[in-house]
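The number in this note's numbering is simply the position in the sequence shown, starting from 1, with 15 added. The structure under discussion appears below in the form of structure tokens.
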Amino acid sequence: MSHRDTATTTATDAGTDDAPTRVDLFFDPACPFAWITSRWLLEVERLRPLDLRFRVMSLYLHNTGNELPDWYRDLVDRSVGPVRVAVAAAERHGEKVLGDLYTAFGTRIHERGTDDFDLVISESLAELGLAAELSAAAHDPSYDDAVRRSHEAGVEPESGGYVGTPTLHVDGAVWFGPVLRAVPRGPAAAELFDAFRVMARHPDVFELKRTRTGSLRFD
Numbered sequence: 016m017s018h019r020d021t022a023t024t025t026a027t028d029a030g031t032d033d034a035p036t037r038v039d040l041f042f043d044p045a046c047p048f049a050w051i052t053s054r055w056l057l058e059v060e061r062l063r064p065l066d067l068r069f070r071v072m073s074l075y076l077h078n079t080g081n082e083l084p085d086w087y088r089d090l091v092d093r094s095v096g097p098v099r100v101a102v103a104a105a106e107r108h109g110e111k112v113l114g115d116l117y118t119a120f121g122t123r124i125h126e127r128g129t130d131d132f133d134l135v136i137s138e139s140l141a142e143l144g145l146a147a148e149l150s151a152a153a154h155d156p157s158y159d160d161a162v163r164r165s166h167e168a169g170v171e172p173e174s175g176g177y178v179g180t181p182t183l184h185v186d187g188a189v190w191f192g193p194v195l196r197a198v199p200r201g202p203a204a205a206e207l208f209d210a211f212r213v214m215a216r217h218p219d220v221f222e223l224k225r226t227r228t229g230s231l232r233f234d
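The following block contains the structure:
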């Protein structure tokens with residue numbers, strides 16, 4: 016069962032309208048910030064009319080040529096496995112599979128702290144009833160062209176290359192973020208989305224940032 020099957024969308028609060036807001040979330044399963052943003056959007060989907068779509072991007076491609084701390088380089092290098100599998104699954108079953116597959120991946124990686132990505136992949140495929148043979152894609156570079164196409168679809172077209180995780184397309188407007196420390200729930204999630212949607216649609220807004228404090232929470 017997909018997240019849309021269980022979601023209830025209402026638009027009774029002030030500041031909403033009847034037309035669904037198209038939101039494309041570009042995610043890498045290994046990125047904790049993309050995970051928090053994705054859980055927020057699923058919360059919003061219960062309360063606001065969204066056309067929410069999950070798309071694949073790659074921390075590995077994003078960091079090509081960058082000097083990274085050893086621990087982060089290890090994560091980035093390993094992150095390509097789940098991304099390849101996600102692309103392979105989408106090729107076989109369509110992009111509709113990505114929301115549930117991302118949830119299965121992310122629950123294990125971020126909430127359970129599993130750092131064996133091969134185990135994450137095999138357990139997630141089994142949970143969703145997907146073919147175990149898809150796990151071979153994690154170590155198959157022939158999927159990298161498809162990964163690159165999906166990653167580049169998320170890039171801000173005017174910049175020619177700026178992207179980060181998470182990237183959101185909100186009714187066509189491309190944004191890096193919002194980057195959240197924890198998942199807003201209930202009315203607070205909807206309130207934040209209403210404010211973000213107004214800002215995201217404003218043609219003259221291009222950046223809003225403050226100092227990062229505190230630790231990440233996935234509950």
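Glycine residues also receive a C-beta, built at the ideal position from the N, C-alpha and C atoms.
- Going by beta carbons, residue 103 and residue 133 fall outside the 8 Å limit.
- Between residue 51 and residue 197, the gap from beta carbon to beta carbon is short of 8 Å.
- For the pair residue 231 and residue 98, the Cα-to-Cα distance works out to about 23 Å.
- For residue 69, the enclosing beta strand (DSSP E) stretches over residues 65-71.
- A Cβ-Cβ distance of about 7 Å is found for the pair residue 41 and residue 181, placing them in contact under the 8 Å criterion.
- Taken through DSSP and simplified to helix, strand or coil, residue 132 comes out as helix.
- In terms of Cβ geometry, residue 135 and residue 124 form a close pair [threshold 8 Å].
- Taking C-beta atoms under 8 Å as the contact rule, residue 166 and residue 53 fail to qualify, at a distance of about 17 Å.
- Looking from the CA of residue 86, the closest CA among 156, 130, 209 belongs to 130.
- Counted as a single uninterrupted DSSP element, the beta strand (DSSP E) harbouring residue 184 occupies residues 182-185.
- If you draw a straight line from the Cα of residue 188 to the Cα of residue 47, it is about 23 Å long.
- Ranked by how close their Cα comes to the Cα of residue 194, the residues 146, 223, 60, 45 have 223 in first place.
- Between residue 92 and residue 64, the C-beta spacing is not below 8 Å.
- Residue 91: member of the alpha helix (DSSP H) spanning 85-108, first to last residue.
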